[in-house]
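Numbering (the numbering used here), first residue to last: 3 to 349.
From the three backbone atoms N, C-alpha and C, an ideal C-beta is built for every residue, glycine too.
Below: one structure, written as structure tokens.
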Ligand code: ATP
Ligand code: LTN
């Protein structure tokens, strides 16, 4: 069995660590949970990492979908990422289906994944529960294996995601180690990067549940591309708890705690500082200030997204360049994988 390290999987001493993450184009806008839980880290990590980010359209067809809508949402997703500050000069932003190696590696990784192991993935259990497991697609079942392929193809060291993705990252690590053990050192074992303070932003109407594109009600979710009026209203109507005190207390005051957590992250002020600042004031004051800071953050992003979407040809060009750069890396990894698993090279 070959054991020597694969040069493409070793970060040389002077190179930056690599980051990869993905987001599904499954809604007309990203939301505050996506922004604080993941996307803000994507932007920041460009300064310290060699960054690869992808719009995971292959993952978006694991649930029933409309083709025209998927195409539009893929562009809207990419435009929002550029608008947020992903810089095409410094980072590689691409669409997953433009790089066929993702599905190719996914097959190989699927062949070293146990059926029982895949059956334990909670996202599959949650998403398939809605329609019944037998109605769920095989694609939804193998979703985490494709996600592992996304990450391993790029030899990523770190993967910024929200708390809900921790289990998928664990599976990715397991599969990387299993492959390396069976076939020789090929993949970097990646680490999840999940900052605790923003790992789970909750629904404004149901503050114990995750803010989510697919399960939050419109009143519970703050969309990046939403107009100021509705955004302000939703913050003002957020569910708060009994009592009047503004203190973080996850168990007894989940609503206020979520608002404090969001405000703290947006203004980079610690929660104890906010508790002191709002001592003796009502929930209304906190909500008013929070609404303003949401608007200050979201408005420029919305405006830049609209500008980028006005020139689809340019947007598609940027994605084409991203795909080229991504493919160069993915192809190299796949060549190693083919060799390691024993596929005959083409003459
Ligand atoms: P759905 O709930 O429909 O699966 P989603 O709203 O979770 O969708 P995804 O595209 O699955 O959105 O997630 C994109 C990124 O945002 C992931 O890294 C995910 O962990 C993160 N994320 C999503 N919702 C939250 C949240 N409420 N708090 C923190 N991070 C989140
Ligand atoms: N499963 C993730 C999206 C995703 C992803 C990835 C995240 C697909 N491929 C690779 C990180 C790295 C989600 O639903 N949030």
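- Query: On the three-pair Cβ rule with 8 Å, is the segment 43-54 touching the segment 70-77?
  - Reply: Counting Cβ pairs under 8 Å, fewer than three are found: no touch.
- Assuming residue 262 contacts residue 273 (C-beta within less than 8 Å), just tell me the rounded distance between them. Locating residue 262 in the chain shown gives position 260, where the first residue counts as 1. Locating residue 273 in the chain shown gives position 271, where the first residue counts as 1. Residue 262 to residue 273, Cβ: 5 Å. Contact.
- Query: Assuming residue 350 contacts residue 35 under a Cβ cut-off of 8 Å, what Cβ separation, rounded to an integer in Å, is found between them?
  - Reply: This structure cannot speak to residue 350, because the chain is shown only from 3 to 349.
- Item | Coil, strand or helix - residue 101 by DSSP | Mapped onto the chain shown, residue 101 falls at position 99. Coil, per DSSP.
- Query: What separation, rounded to the nearest whole angstrom, lies between the Cα atoms of residue 90 and residue 82?
  - Reply: Stepping through the chain shown from its first residue, residue 90 is reached at position 88. Stepping through the chain shown from its first residue, residue 82 is reached at position 80. Going by the C-alpha atoms only, they are around 13 Å apart.
- Which ranges would you report for the alpha helix (DSSP H) in the segment 52-77 if only whole runs of at least 4 residues count? 59-62
- Presumed contact (8 Å Cβ cut-off) between residue 203 and residue 39, rounded CB distance: Walking along the chain shown from the start, residue 203 turns up at place 201. Walking along the chain shown from the start, residue 39 turns up at place 37. The pair is a contact, with the Cβ atoms about 6 Å apart (cut-off 8 Å).
- Query: Whose C-alpha, out of 161, 65 and 230, is nearest the C-alpha of residue 29?
  - Reply: As a working note, residue 29 is residue 27 in the chain shown. Ranking the options by Cα distance to residue 29, first place goes to 65.
- Query: In this structure, does DSSP put residue 202 in helix, strand or coil?
  - Reply: For this step, residue 202 is matched to residue 200 along the chain shown. Here DSSP, grouped into helix, strand and coil, assigns residue 202 to coil.
- residue 10 to residue 323 span [Cα, whole Å]: As a working note, residue 10 is residue 8 in the chain shown. As a working note, residue 323 is residue 321 in the chain shown. A caution first: residue 10 carries a pLDDT of 45, below 50, which makes its placement in the model too unreliable to give a value.
- Message: Please classify residue 268 as buried or exposed, where buried requires at least 16 neighbouring CB atoms within 10 angstroms.
- Response: The residue labelled residue 268 in the question sits at position 266 within the chain shown. Flag for residue 268 reads buried.
- Query: Does the segment 302-313 come within contact of the segment 241-249, defined as at least 3 CB pairs closer than 8 Å?
  - Reply: no
- Message: For residue 193, list the residues DSSP reports as bridge partners.
- Response: The residue given as residue 193 occupies position 191 in the chain shown. DSSP lists 160 as partners of residue 193.
- What do you reckon, are the CB atoms on residue 57 and residue 80 nearer than 9 Å? Numbered from its first residue, the chain shown carries residue 57 at position 55. Numbered from its first residue, the chain shown carries residue 80 at position 78. For residue 57 and residue 80, yes; Cβs fall inside 9 Å.
- Buried versus exposed, by CB contacts within 10 Å (16 or more), residue 44: For this step, residue 44 is matched to residue 42 along the chain shown. Residue 44 is buried by the Cβ-count criterion.
- Task: Classify residue 226 as helix, strand or coil using the three-state DSSP reduction.
- Result: The residue labelled residue 226 in the question sits at position 224 within the chain shown. Looking at residue 226 - three-state DSSP - the assignment turns out to be coil, as it is neither helix nor strand.
- Message: Need the endpoints of the alpha helix (DSSP H) that residue 147 sits in, please.
- Response: As a working note, residue 147 is residue 145 in the chain shown. Taken as a continuous stretch (DSSP letters only), the alpha helix (DSSP H) holding residue 147 covers 140-155.
- Enclosing beta strand (DSSP E) for residue 273 [first to last residue]: Indexing the chain shown from 1 puts residue 273 at position 271. Careful: residue 273 lies outside any beta strand (DSSP E), inside the alpha helix (DSSP H) at 273-279.
- Item | Any non-hydrogen atom of ligand 1 closer than 8 Å to residue 30 Cβ | On the chain shown, residue 30 is found 28 positions in, with the first residue counted as 1. No, Cβ of residue 30 sits at least 8 Å from all heavy atoms of ligand 1.
- Through-space distance from residue 153 to residue 168, alpha-carbon basis: If you number the chain shown from 1, residue 168 lands on position 166. If you number the chain shown from 1, residue 153 lands on position 151. Cα-Cα distance, rounded: 14 Å.
- Query: Got a sec: does ligand 1 put a non-hydrogen atom nearer than 8 Å to the Cβ of residue 163?
  - Reply: In the chain shown, the residue the question calls residue 163 occupies position 161. Checking the Cβ of residue 163 against ligand 1 gives yes.
- Message: Please report the straight-line C-alpha distance between residue 173 and residue 339, rounded to a whole angstrom.
- Response: In the chain shown, the residue the question calls residue 173 occupies position 171. In the chain shown, the residue the question calls residue 339 occupies position 337. Between the C-alpha atoms of residue 173 and residue 339 there is a straight-line separation of about 19 Å.
- Message: Within the continuous alpha helix (DSSP H) that includes residue 20, where are the two ends?
- Response: On the chain shown, position 18 is the one that residue 20 refers to. Residue 20 -> not in any alpha helix (DSSP H); beta strand (DSSP E) instead, spanning 20-25.
- Whole-angstrom distance between residue 266 and residue 187, CA atom to CA atom: As a working note, residue 187 is residue 185 in the chain shown. As a working note, residue 266 is residue 264 in the chain shown. When rounded, the distance between both Cα atoms is 42 Å.
- Query: Apart from the five residues just before and just after residue 210, which ones in its own chain have a Cβ nearer than 6 Å to its Cβ?
  - Reply: Counted from its first residue, the chain shown places residue 210 at position 208. Taken in chain order, the residues that qualify are 256.
- Query: Shortest alpha-carbon distance to residue 26 belongs to which of 19, 46 and 99?
  - Reply: For the purposes of this step, residue 26 is taken as residue 24 along the chain shown, with counting starting at 1. Taking only the C-alpha atoms, the option nearest residue 26 is 99.
- In angstroms with no decimal places, state the Cα-to-Cα distance between residue 163 and residue 197. Looking up residue 163 in the chain shown gives position 161. Looking up residue 197 in the chain shown gives position 195. Cα-Cα distance, rounded: 9 Å.
- What are the start and end residues of the alpha helix (DSSP H) that includes residue 180? Numbered from 1 along the chain shown, position 178 holds the residue referred to as residue 180. 168-185 is the span of the alpha helix (DSSP H), which, as asked, contains residue 180.
- Message: According to DSSP, is residue 212 part of a helix, a strand, or is it coil?
- Response: Here residue 212 refers to the residue found at position 210 of the chain shown. If DSSP states are grouped into helix, strand and coil, residue 212 belongs with the strands.
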